[in-house]
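K.L.:
Take this structure, written in structure tokens, and hold onto it; I'll ask about it next.
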Amino acid sequence: MSLLNFMSSDLAIDLGTANTLIYVKGKGIVLNEPSIVAYDKNTKKIIALGNKAKEMLGREHKEIRVIRPMRDGVIADFEIAEGMIRAFIKEVSYGFKSSKRVVVAIPSGATEVEKRAVRDSAEHAGAKEVHLIAEPMSAAIGIGIDVEAAVGSMIIDIGGGTTEIAVISLAGIVTEESIRVAGDEMNNAIVDFFKKQHNILIGEKTAEGIKMIGGSAMPMNEELTIQVKGRDLGSGTPKEIEVSSVEIREALSPNIKKIVDAVKQTLEKTPPELSSDLLGCGIMLTGGGALLKGLDQKIMLETGLPVHVADDPLTAVVRGVGKVIDNINQYSRVLIRNRQY
Ligand code: ADP
Ligand code: MG
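Okay, so the sequence shown: first residue is 74 according to my numbering, each after it adds one.
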């Protein structure tokens, strides 16, 4: 083990509803895994984590449960969520001395109890100092926005469980909106569509694949034909059908509308000086949902503002927390202040 391992011990974490990413100071992103845990129902002991747990999803038996503890942007099961956070930190902390500083990005809608749980888990994993930062703030820093400037910027971070919309200026969040419509709801809409329109049942993972390949928010230059395998609900046997990307877009459109409406509401709440700033720099899209084809054009069409998809949107948040941990003094103003009791 090198001396370097002992020296670099500060961590930055993007605790996402779908994916957890960890950045180690001086090293870069060292972990990028699904926020999924498999545990023994009787003992609540964690059996598998991340990708290994994802493989078990839908294939578990009565002794094993596989869950996404952060699924809706809120902590569904505190004990399991804490276990997951601790286990992820442990995985990247091999060889580190115990005194470390940890910065965690959390959904802006997180409650005090949830913030406490995240702090406690990091402390139990050996952190001496824990700081929290709001996800959209972190995404903004990650994609290089000068968050301290007296200029408004709008970030839309579309993850698995939540879409977080925020207008940022002077190192603070001016207006925000967090809705529980994001990637997971799009997957559910695709599952429902096949059930209702084609009488076949498909799994969540299949639905996600269809969304990534054939999902869209605007008509495509060339519409696609997609082969889909599932179980016929009438006969109960496996069946393969063909669908057009036009149908998938229709299935997704109610969710897209909810996201667009939330963006419009946030714009309505934004003070005029800041909203006029947005005419210049526009809206930035981050998170995995930003990759849905045509979503940027759709939001542009509906708001009249320029919209850009960030480079590598899935790592925007962790790159932001990474910059914060690298320059903690410079960024102290963007951290969520400890509530005094
Ligand atoms: P979180 O921050 O909540 O963990 P992520 O930012 O990691 O979420 O994004 C995960 C979501 O992005 C998932 O719902 C996934 O299906 C979706 N996603 C990833 N790639 C694409 C794509 N190419 N098109 C549409 N959605 C995508
Ligand atoms: Mg995220």
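Note that beta-carbon positions come from the ideal geometry of N, C-alpha and C, so glycine has one too.
All figures in this text were calculated on a predicted structure; none of them were measured in a lab.
1) Are the beta-carbon atoms belonging to residue 288 and residue 325 less than 8 Å from one another?
2) Hey, out of 260, 183, 394, 272, whose CA is closest to residue 282's CA?
3) Give me, in chain order, the residues of the same chain whose beta-carbon lies closer than 6 Å to that of residue 362; leave out the 5 immediate sequence neighbours on both sides.
4) Starting from residue 415, trace the alpha helix (DSSP H) in both directions and tell me its first and last residue.
5) Helix, strand or coil for residue 381 per DSSP?
6) Would you report the Cα separation of residue 310 and residue 303, rounded to the nearest angstrom?
7) I need the boundaries of the beta strand (DSSP E) containing residue 312, first residue and last residue.
8) Determine the DSSP secondary structure at residue 115, reduced to helix, strand or coil.
9) Alpha carbon to alpha carbon, how far is residue 348 from residue 359?
10) Cutting at 8 Å between CB atoms, please list the residues of its own chain near residue 187, excluding the five before and the five after it.
11) For the ligand MG, is there any heavy atom lying closer than 7 Å to the beta carbon of residue 288?
12) Sort 84, 370, 337 by Cα distance to residue 204 and report the nearest one.
13) Taking the straight line between their C-alpha atoms, what separation do you get for residue 375 and residue 382?
14) From residue 75 to residue 354, what distance separates their C-alpha atoms?
15) If we require 4 or more residues per run, which alpha helix (DSSP H) segments fall completely within the segment 119 to 184?
16) So is the beta-carbon of residue 232 under 7 Å away from any non-hydrogen atom of the ligand MG?
17) Within the continuous beta strand (DSSP E) that includes residue 102, where are the two ends?
18) Is the beta carbon of residue 385 within less than 7 Å of some heavy atom of the ligand MG?
19) State yes or no: is the C-beta of residue 92 nearer than 7 Å to some heavy atom of the ligand ADP?
20) Please name the residue, chosen from 82, 106, 224, 159, that lies closest to residue 343 on a Cα-to-Cα basis.
21) Once DSSP output is grouped into helix, strand and coil, what is the label at residue 221?
22) Going by the C-beta, is residue 285 closer than 7 Å to any heavy atom of the ligand ADP?
23) Across which residues does DSSP place residue 250 in a beta bridge pair?
24) Alpha carbon to alpha carbon, what distance is there between residue 217 and residue 248?
25) Would you decide whether residue 189 is buried or exposed? Buried here means 16 or more other CB atoms lie within 10 Å of its CB.
26) Please tell me whether residue 152 and residue 114 are closer than 8 Å, where the distance is taken between their beta carbons.
27) Which residues does DSSP pair with residue 302 in a beta bridge?
28) Where residue 305 and residue 314 are concerned, what is the direct C-alpha to C-alpha distance, given to the nearest angstrom?
29) Who does residue 86 pair with in a DSSP beta bridge?
30) From what residue to what residue does the beta strand (DSSP E) around residue 207 run?
31) Between the beta-carbon of residue 228 and the beta-carbon of residue 396, is there less than 8 Å?
32) Hey, could you find the ends of the alpha helix (DSSP H) residue 376 is sitting in?
33) Among 293, 138, 340, which one has its Cα closest to the Cα of residue 321?
34) Any idea if residue 406 is buried or exposed, counting beta-carbon neighbours within 10 angstroms, 16 or more meaning buried?
35) Using a Cβ-based criterion (distance less than 7 Å to any ligand heavy atom), does residue 360 qualify as near the ligand MG?
P.N.:
The structure says:
1) Stepping through the sequence shown from its first residue, residue 288 is reached at position 215. Stepping through the sequence shown from its first residue, residue 325 is reached at position 252. It is a contact, given that the beta carbons lie within the stated cut-off.
2) Start at 1 with the first residue of the sequence shown, and residue 282 comes out as number 209. The residue with the shortest Cα to Cα distance from residue 282 is 260.
3) By one-based count along the sequence shown, residue 362 stands at place 289. Same-chain partners within the cutoff: 231, 255, 256.
4) This structure cannot speak to residue 415, because the chain is shown only from 74 to 414.
5) Position 308 of the sequence shown, counting from 1, holds the residue named residue 381. Shown here, residue 381 sits in a strand according to DSSP, grouped into three states.
6) Within the sequence shown, the letter at position 237 stands for residue 310. Within the sequence shown, the letter at position 230 stands for residue 303. Residue 310 and residue 303: Cα-Cα distance of roughly 8 Å.
7) Taking the first residue of the sequence shown as position 1, residue 312 is located at position 239. Segment 311 to 317, the beta strand (DSSP E) holding residue 312.
8) As a working mapping, residue 115 is identified with position 42 in the sequence shown. Residue 115 falls in the coil class under three-state DSSP.
9) Looking up residue 348 in the sequence shown gives position 275. Looking up residue 359 in the sequence shown gives position 286. Between residue 348 and residue 359, the C-alpha separation is close to 20 Å.
10) On the sequence shown, position 114 is the one that residue 187 refers to. The residues are 147, 148, 179.
11) The residue given as residue 288 occupies position 215 in the sequence shown. Answer for residue 288: no, Cβ out of range of the ligand MG.
12) In the sequence shown, the residue the question calls residue 204 occupies position 131. Nearest neighbour of residue 204 by Cα position, chosen from 84, 370, 337, turns out to be 84.
13) Position 302 of the sequence shown, counted from the first residue, corresponds to residue 375. Position 309 of the sequence shown, counted from the first residue, corresponds to residue 382. The straight-line gap separating the alpha-carbon atoms of residue 375 and residue 382 is approximately 16 Å.
14) Taking the first residue of the sequence shown as 1, we reach residue 75 at position 2. Taking the first residue of the sequence shown as 1, we reach residue 354 at position 281. Its pLDDT being 48, under 50, residue 75 is placed unreliably by the model, and nothing is read from it.
15) You should have 123 to 129, 151 to 165.
16) Taking the first residue of the sequence shown as position 1, residue 232 is located at position 159. Yes, the Cβ of residue 232 comes within 7 Å of a heavy atom of the ligand MG.
17) Taking the first residue of the sequence shown as position 1, residue 102 is located at position 29. Its beta strand (DSSP E) spans residues 101 to 107.
18) Locating residue 385 in the sequence shown gives position 312, where the first residue counts as 1. No - the ligand MG has no heavy atom lying nearer than 7 Å to the Cβ of residue 385.
19) Reading the sequence shown from its first residue, position 19 is the one you call residue 92. It does: the Cβ of residue 92 is within 7 Å (strictly closer) of some heavy atom of the ligand ADP.
20) Position 270 of the sequence shown, counted from the start, is the residue given in the question as residue 343. Of the residues 82, 106, 224, 159, the one whose Cα lies closest to the Cα of residue 343 is 224.
21) Here residue 221 refers to the residue found at position 148 when the sequence shown is read from its first residue. In this structure, residue 221 counts as coil in the three-state DSSP scheme.
22) Position 212 of the sequence shown, counted from the start, is the residue given in the question as residue 285. With a threshold of 7 Å, the Cβ atom of residue 285 counts as near the ligand ADP, since some heavy atom of the ligand is closer than that.
23) Stepping through the sequence shown from its first residue, residue 250 is reached at position 177. Paired residues: 238.
24) Looking up residue 248 in the sequence shown gives position 175. Looking up residue 217 in the sequence shown gives position 144. Straight-line spacing of the CA atoms in residue 248 and residue 217 works out to 20 Å.
25) Taking the sequence shown and counting its residues from 1, one reaches residue 189 at position 116. Under a 10 Å Cβ-count criterion, residue 189 is classified as exposed, with fewer than 16 other Cβ atoms of the shown protein chains found around its own Cβ.
26) Translated into positions along the sequence shown, residue 152 becomes position 79. Translated into positions along the sequence shown, residue 114 becomes position 41. No; because the gap between Cβ atoms is not below 8 Å, this pair is not in contact.
27) One-based indexing of the sequence shown puts residue 302 at position 229. Paired residues: 313.
28) The residue you call residue 305 lines up with position 232 of the sequence shown. The residue you call residue 314 lines up with position 241 of the sequence shown. So the two alpha carbons sit approximately 10 Å from each other.
29) As a working mapping, residue 86 is identified with position 13 in the sequence shown. DSSP output for residue 86 lists 95, 177 as bridge partner(s).
30) Here residue 207 refers to the residue found at position 134 of the sequence shown. Residues 200 to 207.
31) Looking up residue 228 in the sequence shown gives position 155. Looking up residue 396 in the sequence shown gives position 323. Residue 396 sits away from residue 228, with the two beta carbons spaced by 8 Å or more.
32) Position 303 of the sequence shown holds residue 376. For residue 376, the enclosing alpha helix (DSSP H) has its first and last residue at 368 to 376.
33) The sequence position of residue 321 within the sequence shown is 248, counting from 1. Looking at 293, 138, 340, the one whose alpha-carbon comes closest to that of residue 321 is 293.
34) Taking the first residue of the sequence shown as position 1, residue 406 is located at position 333. Only exposed fits residue 406, as fewer than 16 other CB atoms lie within 10 angstroms of its CB.
35) On the sequence shown, residue 360 is found 287 positions in, with the first residue counted as 1. Distances from the CB of residue 360 to the heavy atoms of the ligand MG include at least one below 7 Å.
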